[in-house]
Structures are given as C-alpha cells and as structure tokens.
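Undergrad: Here it is, the structure, as structure tokens.
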Amino acid sequence: MKEKIKHIKFDNKTNPKSYFEVVQLEELLNRKLDHDICKNHIVKFYIIIFITEGNGYHTIDFVDYKYQKGSVLLVRKDQIQKFSKSATAKGYLLIFTEEFIVSHINKLEALKSFQLFNELISFPKIELQVKEHEFSDFYSLMEQIVSEYKLKDEYSISITRSALHILITKLFRIKFNNGQLPNKKKYLTEFLLLQDMVEKNCFANKKVMYYAQNMGCSTKTLNNIVQAIINKPAKNFIDEIAITQIKRLLIGTNESVKEIAYTSGFDDPANFFKYFKKFVGSSPEAFRRSHQ
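If you read the sequence shown in the numbering used here, its first letter stands for residue 1, the second for the next number, and so on.
And the structure:
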C-alpha cells in the first residue's frame, strides 16, 4: 500500500526521551517542517489544542471544527488532521504519546484518560466558559505545564505528567457536566472492547452476528451495548467505523478506488460504490477529489 500523506511520528528534538511536547499554535503555524501542516497528515500521538485568543478552524478526520477563545480540540492517535492558517489564533498544543500517560498512572486510569479522545464516545471539541472560572482555571493549569516543560530539571517530567492528568480529568468533568459523556457506564468496558475489535476487523466483517459471537453474546445484547453508550444500532456503529477507515484510505494512499474496494472487503467495486455513497452522499472519487 503506497502512502500518499505524511505519517507524523512523535519527535521532540529538545527532549527526545520525554514523550511530551508543548508548542505554541502561532509558532507552529510559522514553523518550517518537512510537511505542510495545512494539508492532511496522520498523527501517531495525542494532541490537546487549547485556544487562548482569536478564531479559525481545525480539521479532524475530514470534519471542520470552528474554534474561538476557550475552545479545546482533542485529536486521537491515527486520526487525519490539518491546520488552517489564522491571523488571530493563539494557543497551545500539548503533544504526547501513550507511553507518557501509561508510565505514570495505573492501566485503568490510563484507559480512562484515552476515552477523552474517543470521538465515537464524545464530541472532540469542548467550549470552556470564558466569563466563568472554567477558562481561567484551565489557562492557569496550562501555564503551569508550560512552565514545567521549559524548566526541564529532574522533577519537571513527573510534575508535567501529574498536571496533564489533572487537566485531562478536568476536561472529563466539563464534558460530563455538559452532557457530552455517556450517562450509562454499565457497558462501557464491553463497548471499548467491541470498538477495538471492529476497528481491526471491519473490512473483513461488517455483520453484527460476527462481533456478537466473538464477544460471546447475542446480537440483542450487542445492540444493547452500543445503544447504551452512543445511542445507535450496532450495525450503524460498525458501518461508521468502516466508512471512516475507507475515507482514510482514499485520502491517505495512492491506491485506486477499485483496489480500496477490495481492501475494504468488497468483491464487486459497484457494491463498494453504493455502500460509500449511501453513507457519505458522494462517490469515492468525488470524496477523494474534494480533499486533495
């Protein structure tokens, strides 16, 4: 498979062993890199984007998210993103790997932290209340992280990890208070297991029965699991993941549409065309052209 867009790995040249970096948004937009950040690229790490001034938009998995002062955008590892030039926007990016989180907290807490970035569970944008204490409290914590990052003494990494964990937990609280998290936690563990299974197997298997059998439950129970967390039927959930991965192939590789049809599990490209158009509203070719 020939890659068409850049896969960006974590690379902190000033502190390569930290697995963490803080970057000012306005500085990043003017930084000379080996890739154009205003074109689609795949990130191999997690990003928290905090807007302190101005406005603009950021694209995550082909969706444009408008931002303003107080916006927080969350980007998950392996998503496709692109920046937009803005003359007014200022803010910070916290960039980190799984290792940075996992090395500090227990596995259960780490898994919970990564749920914040799970776009299938909750919306990837948070609006902090600028006139309330939300924005100022968050900004203060961000400044503490920036200060520790610049200090780089023997204690700074541990303090930064702790502050990041607090920041993520605060974002969880805000999302919960805004009704942006699932109310029912009964099936959350099963849902995350199912999500991982679907993301790995959706091209080979798109039937609810397959996943029910592998989860050791009935199709009714599987539907109950998905409905409880994201209020959708299991089949819609499977198709949504498959379509996202097909979009990533269309934009991220040089494979022909016919080759992508076969890769996606379709024996007949015509059926692939119908499947894609049903969910996206355009042909695979038109979608690819519109995101060049």
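Here a beta-carbon is modelled for each residue, glycine too, at the ideal position from N, C-alpha and C.
I need the DSSP call for residue 294, collapsed to helix, strand or coil.
TA: Any property of residue 294 remains undetermined from this structure, which presents the chain solely from 1 to 292.
Undergrad: Can you tell me whether DSSP reads residue 195 as helix, strand or coil?
TA: Stepping through the sequence shown from its first residue, residue 195 is reached at position 195. It is helical.
Undergrad: Taking the Cβ atom as the reference point for each residue, do residue 65 and residue 89 lie within a distance shorter than 9 Å?
TA: As a working mapping, residue 65 is identified with position 65 in the sequence shown. As a working mapping, residue 89 is identified with position 89 in the sequence shown. Not closer than 9 Å, so no.
Undergrad: Could you tell me whether the Cβ atoms of residue 225 and residue 194 are closer together than 9 Å?
TA: By 1-based counting over the sequence shown, the position of residue 225 is 225. By 1-based counting over the sequence shown, the position of residue 194 is 194. Result yes, Cβ atoms of residue 225 and residue 194 sit closer than 9 Å.
Undergrad: In this structure, what does DSSP give as the bridge partners for residue 81?
TA: As a first step, residue 81 is located in the sequence shown; it is residue number 81 there, counting from the start. In the DSSP output, where bridge partners are listed per residue, residue 81 has 41 and 60.
Undergrad: Quick check: what's the CA-CA separation for residue 198 versus residue 26?
TA: Taking the first residue of the sequence shown as position 1, residue 198 is located at position 198. Taking the first residue of the sequence shown as position 1, residue 26 is located at position 26. Their backbone Cα atoms lie some 38 Å apart in a straight line.
Undergrad: Which residue's Cα is closest to the Cα of residue 250: 36, 98, 140 and 288?
TA: What you label residue 250 is simply residue 250 of the sequence shown in a count that begins at 1. For residue 250, the nearest C-alpha among the options comes from 288.
Undergrad: Relative to the alpha-carbon of residue 43, which residue among 52, 74 and 271 has its alpha-carbon at the smallest distance?
TA: The residue labelled residue 43 in the question sits at position 43 within the sequence shown. The shortest C-alpha separation from residue 43 is found at 74.
Undergrad: Find out if the Cβ-Cβ distance for the pair residue 46, residue 98 is shorter than 9 Å.
TA: Counting from one through the sequence shown, the residue named residue 46 turns up at place 46. Counting from one through the sequence shown, the residue named residue 98 turns up at place 98. Going by C-beta atoms, residue 46 is nearer than 9 Å to residue 98.
Undergrad: Can you give me the C-alpha to C-alpha distance between residue 15 and residue 282, rounded to a whole angstrom?
TA: For the purposes of this step, residue 15 is taken as the residue at position 15 of the sequence shown. For the purposes of this step, residue 282 is taken as the residue at position 282 of the sequence shown. Between residue 15 and residue 282, the C-alpha separation is close to 45 Å.
Undergrad: Between the alpha carbons of residue 59 and residue 245, how many angstroms are there, rounded?
TA: Residue mapping note: residue 59 aligns to position 59 of the sequence shown, counting from 1. Residue mapping note: residue 245 aligns to position 245 of the sequence shown, counting from 1. Straight-line Cα distance between these residues: approximately 16 Å.
Undergrad: By the three-class DSSP mapping on this structure, what secondary structure does residue 91 have?
TA: The residue given as residue 91 occupies position 91 in the sequence shown. Residue 91 falls in the strand class under three-state DSSP.
Undergrad: If you drop the 5 nearest sequence neighbours on each side, which residues of the same chain put their C-beta closer than 6 Å to that of residue 72?
TA: Within the sequence shown, the letter at position 72 stands for residue 72. If we look at residue 72 and ignore the five residues flanking it on each side, its Cβ neighbours are 50 and 126.
Undergrad: State the DSSP-derived secondary structure class of residue 10, mapped to helix, strand or coil.
TA: The residue given as residue 10 occupies position 10 in the sequence shown. Of the three classes helix, strand and coil, the one that applies to residue 10 here is coil, per DSSP.
Undergrad: Helix, strand or coil for residue 71, going by three-state DSSP, please let me know.
TA: Numbered from its first residue, the sequence shown carries residue 71 at position 71. Correct three-state label for residue 71: strand.
Undergrad: Whole angstroms are fine: how far does the CA of residue 80 sit from the CA of residue 248?
TA: Against the sequence shown, residue 248 aligns to sequence position 248. Against the sequence shown, residue 80 aligns to sequence position 80. Using only the alpha carbons, I get a separation of about 7 Å.
Undergrad: Return the first residue and the last residue of the alpha helix (DSSP H) that residue 130 is part of.
TA: Here residue 130 is taken as the residue at index 130 of the sequence shown, counted from 1. Where residue 130 is concerned, there is no enclosing alpha helix (DSSP H), given that its DSSP letter is neither H nor E.
Undergrad: Since residue 22 and residue 94 should fall inside the 8 Å C-beta cutoff, what is the C-beta to C-beta distance between them, to a whole number of angstroms?
TA: On the sequence shown, position 22 is the one that residue 22 refers to. On the sequence shown, position 94 is the one that residue 94 refers to. Between residue 94 and residue 22 the Cβ distance is about 6 Å, and since that is below 8 Å, they are a contact.
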